[in-house]
Amino acid sequence: MAVSRAQKGLIADWWWSIDRWLLAAFLMLMIGGMMLSFAASPPVAERIGLDSFHFVKRHAVFLVPCIAIMLGTSLLTPHGIRRVSFFMLGASLVVMVLALFFGMEVKGARRWMYFGPFGVQPSEFMKPAFVVVCAWLFAERARRPEVPGNLLSFILLLVVAALLVAQPDLGQTILTAGAWGGLFFMAGLPWIWIVMLGSIAVVGFLGAYLSFSHVASRIDRFLTGEGDTFQTDTAREAIMRGGWFGQGPGEGTVKRILPDSHTDFAFAVIAEEFGIITCMLLSAIFCFIVIRGLQVAFAQRDVFARLAISGLVMLFGMQSIINMAVNLQLMPAKGMTLPFISYGGSSMLAVAISAGFVLALTRKRAENSSQIDRLKNRTMALGGAYGAR
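Counting with our numbering, you get residues 21 to 409 for the letters of the sequence shown.
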C-alpha cells in the first residue's frame with residue numbers, strides 16, 4: 021500500500037524522510053548476500069561433516085533480525101543514536117575484556133565470548149559505536165573549544181587498540197584506527213597531530229611486525245610469495261577461472277578446496293561462479309553507499325551528524341576494500357568479512373546496526389522542516405505587511 025505525503029504517523033514520516041537510495045543499496049546487499057551464500061557455503065559445510073545448507077540456513081536466520089535491526093535503528097533520533105552508542109561501546113569493551121580471560125581460543129586468538137550456545141564477537145559491535153562516540157567528541161570540541169574532545173577520543177582509541185592487540189586482532193586495529201584518523205582529519209586535524217600520529221603509526225607497524233610472528237609471516241608471504249599461500253593462491257585461481265561471466269551457479273570447482281570460501285573469500289567464489297562483471301557490480305554498490313553517504317554528510321549542518329555519517333561509511337568502505345583486496349592479492353591476507361555478503365552472525369548484526377545509524381542520521385529531520393516552514397511564514401508575513409503599505 022502506498023504511503024501518502026498527507027498521512028501522519030511514525031511510518032509515514034519515516035518513509036518520506038528516509039534516504040531511499042541508501043535503503044535500497046543496503047537491502048540489495050542483504051538479499052544478494054543471502055543468494056550468494058548458496059554458492060559459497062555448501063562446500064565448507066560438507067568438508068566439516070555438516071548438512072550442505074547448514075550455513076545457508078544460519079545466514080537466513082540472521083538475515084531476518086538484521087533487516088529488523090536496520091529498520092528499527094533507522095527510526096532513532098541523533099540523540100537516541102548517541103545514547104545507544106555509548107551503551108553499546110561500554111558493553112562491548114567489557115565483553116572484550118572478559119573474552120581475554122574467559123573467551124574461547126580460536127586459531128591462537130581470543131575474540132569470542134560464548135553465552136550458552138550463542139557466540140558473540142564484541143569487537144564487531146564496538147566499531148560502529150566507537151565511530152559515533154568519537155564523532156560526538158569531535159563535534160563537542162568544535163562547538164565548545166574548552167571540551168578536550170580530541171584528547172578524549174585519542175585516549176579511547178588507545179584503549180580500544182590495546183584490547184584488540186591483546187586478542188590479537190591487528191586487522192581490526194588498523195581498520196578502527198583508520199576510521200578514527202579519517203574522522204580526526206574531517207574535524208580539522210592540527211599539523212602537530214599529523215606528525216605525532218604518523219610517527220605512532222610507523223612505530224606501531226614495525227612493532228607488530230617484530231612482535232607477532234603471524235603478522236610477520238603474512239607480510240613476508242605477501243612480499244616474497246614463499247611459504248603457505250594456499251588460500252590466496254586458490255582464491256586467485258577461482259577468480260581467474262570465473263572469467264567475465266563465471267562458470268554458472270553451482271558450477272564452481274575451485275571453491276570446493278577453498279577453506280574460508282563462506283567468510284573471508286566469498287568474493288573469490290562470486291567471481292568463479294558469477295564472473296568478474298558481477299564482482300564489479302557488487303563493488304559498485306559498496307562504492308555507491310560510501311559516495312552517497314559522504315555526499316549527504318557534507319550537506320548536513322549539524323557537525324555531529326556530518327562526522328558520524330562520514331565515519332560510518334568510511335568504516336563500511338574500508339572493511340569492504342580490505343576484504344576484496346585480500347581476495348585479489350593486493351594486500352597481505354587478513355581475516356575480515358565482506359559486509360552483508362560473508363557469513364558471520366556478529367558481523368551481519370553489527371553492520372546492520374551501522375546501516376541503521378547511517379539511515380537514521382541521513383533522514384530529513386522534522387526540526388529542519390519546521391525551520392523552513394517558519395522561514396516561509398515569516399517571508400509571507402513580511403510580504404503581506406509590505407503589500408498593505
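Backbone N, C-alpha and C define an ideal beta-carbon position, used for all residues, glycine too.
For clarity, every value in this text was computed on a predicted model and none was experimentally measured.
Pick from the options: whose alpha carbon is nearest that of residue i?
{"i": "Arg-276", "options": "Gly-263, Met-216, Trp-264 and Ala-258", "result": "Ala-258"}
{"i": "Asp-322", "options": "Met-344, Thr-382, Met-338 and Ala-291", "result": "Thr-382"}
{"i": "Val-167", "options": "Leu-157, Phe-174, Ile-175 and Gly-331", "result": "Leu-157"}
{"i": "Arg-78", "options": "Leu-369, Val-378 and Thr-252", "result": "Leu-369"}
{"i": "Ala-149", "options": "Gly-136, Gly-123, Leu-118 and Leu-113", "result": "Leu-113"}
{"i": "Met-124", "options": "Phe-265, Val-117 and Trp-132", "result": "Trp-132"}
{"i": "Met-338", "options": "Leu-278, Phe-377 and Leu-195", "result": "Leu-195"}
{"i": "Arg-102", "options": "Ile-87, Val-117 and Cys-154", "result": "Cys-154"}
{"i": "Asp-280", "options": "Gly-52, Ala-59 and Leu-42", "result": "Ala-59"}
{"i": "Asp-284", "options": "Ile-329, Asn-347, Ser-233 and Gly-29", "result": "Asn-347"}
{"i": "Thr-252", "options": "Val-215, Leu-335 and Ala-288", "result": "Ala-288"}
{"i": "Cys-307", "options": "Ala-88, Phe-107, Phe-265 and Leu-42", "result": "Leu-42"}
{"i": "Ser-374", "options": "Phe-75, Leu-176 and Met-90", "result": "Met-90"}
{"i": "Ala-380", "options": "Ala-345, Ala-325 and Phe-107", "result": "Ala-325"}
{"i": "Phe-46", "options": "Val-64, Glu-293, Ser-94 and Gly-29", "result": "Ser-94"}
{"i": "Phe-327", "options": "Phe-174, Ala-159 and Ala-182", "result": "The identity of residue 327 in the sequence shown is Leu, whereas the question assumes Phe. When only C-alpha atoms are compared, the closest one is Ala-159."}
{"i": "Trp-213", "options": "Ser-340, Thr-249 and Phe-174", "result": "Phe-174"}
{"i": "Leu-178", "options": "Ala-197, Arg-163, Ala-162 and Pro-165", "result": "Ala-197"}
{"i": "Met-206", "options": "Ala-162, His-74, Leu-49 and Gly-224", "result": "Ala-162"}
{"i": "Gly-139", "options": "Ser-367, Ala-372 and Val-371", "result": "Ser-367"}
{"i": "Leu-350", "options": "Ile-297, Phe-318, Arg-238 and Val-371", "result": "Arg-238"}
{"i": "Ala-88", "options": "Leu-70, Val-104 and Met-50", "result": "Met-50"}
{"i": "Val-313", "options": "Pro-269, Gly-376 and Leu-302", "result": "Just to set this straight, residue 313 is Gly in the shown sequence, not Val. Per the Cα distances, Gly-376."}
{"i": "Gln-286", "options": "Ala-345, Gln-320, Ala-317 and Thr-249", "result": "The displayed chain sequence assigns Ala, not Gln, to residue 286. Comparing Cα-Cα distances from Ala-286 to each of Ala-345, Gln-320, Ala-317 and Thr-249, the minimum goes to Ala-345."}
{"i": "Leu-96", "options": "Thr-244, Ile-38, Leu-230 and Leu-301", "result": "Ile-38"}
{"i": "Ile-68", "options": "Leu-278, Leu-109 and Phe-318", "result": "Leu-278"}
{"i": "Leu-302", "options": "Ser-219, Leu-176, Ser-340 and Asp-189", "result": "Ser-340"}
{"i": "Phe-225", "options": "Gly-208, Pro-98, Leu-190 and Thr-244", "result": "Leu-190"}
Determine whether the beta carbon atoms of residue i and residue j lie at a separation below 7 Å.
{"i": "Phe-82", "j": "Gly-365", "result": "yes"}
{"i": "Gly-295", "j": "Gly-272", "result": "no"}
{"i": "Asn-343", "j": "Leu-358", "result": "yes"}
{"i": "Met-116", "j": "Pro-85", "result": "no"}
{"i": "Gln-192", "j": "Leu-184", "result": "yes"}
{"i": "Gly-53", "j": "Phe-360", "result": "yes"}
{"i": "Ile-290", "j": "Cys-299", "result": "yes"}
{"i": "Val-378", "j": "Ile-311", "result": "no"}
{"i": "Val-235", "j": "Ala-228", "result": "yes"}
{"i": "Ala-129", "j": "Gln-187", "result": "yes"}
{"i": "His-282", "j": "Phe-75", "result": "yes"}
{"i": "Met-334", "j": "Ala-181", "result": "no"}
{"i": "Met-108", "j": "Phe-135", "result": "no"}
{"i": "Val-274", "j": "Glu-292", "result": "yes"}
With 16 other CB atoms within 10 Å as the buried threshold, where does residue i fall?
{"i": "Glu-66", "result": "exposed"}
{"i": "Glu-246", "result": "exposed"}
{"i": "Gln-315", "result": "exposed"}
{"i": "Tyr-363", "result": "buried"}
{"i": "Phe-121", "result": "exposed"}
{"i": "Met-55", "result": "exposed"}
{"i": "Pro-62", "result": "buried"}
{"i": "Lys-147", "result": "buried"}
{"i": "Ala-255", "result": "buried"}
{"i": "Gly-211", "result": "Sequence check: residue 211 is Trp here, not Gly. Exposed, by the Cβ-count rule."}
{"i": "Ala-408", "result": "Residue placement at Ala-408 cannot be trusted, given a pLDDT of 45 that sits under 50; what the coordinates show is reported in the next sentence. Counting Cβ neighbours within 10 Å, Ala-408 comes out exposed, since fewer than 16 surround it."}
{"i": "Phe-265", "result": "exposed"}
{"i": "Val-152", "result": "buried"}
{"i": "Arg-40", "result": "exposed"}
{"i": "Phe-336", "result": "buried"}
{"i": "Gly-268", "result": "exposed"}
{"i": "Val-126", "result": "exposed"}
{"i": "Gly-169", "result": "buried"}
{"i": "Ser-44", "result": "The sequence given here has Ala at residue 44, not Ser. By the 10 Å Cβ count, Ala-44 comes out exposed."}
Please report the residue range of the alpha helix (DSSP H) in which residue i lies.
{"i": "Phe-107", "result": "98–122"}
{"i": "Ile-220", "result": "211–231"}
{"i": "Thr-93", "result": "74–93"}
{"i": "Pro-62", "result": "62–67"}
{"i": "Thr-252", "result": "250–262"}
{"i": "Ala-32", "result": "30–37"}
Verify the CB distance criterion: does residue i have a CB-CB separation below 7 Å to chain B?
{"i": "Phe-285", "result": "Looking at the structure shown, chain B is missing, and only one protein chain is on hand."}
Could you pull out every unbroken alpha helix (DSSP H) segment of at least 4 residues lying fully inside the stretch 124–189, listed in chain order?
You should have 142–163 and 169–186.
Ignoring anything shorter than 4 residues, give me the alpha helix (DSSP H) runs that lie fully in the stretch 312–368, in order along the chain.
Segments of the alpha helix (DSSP H) lying fully in the stretch 312–368: 323–347.
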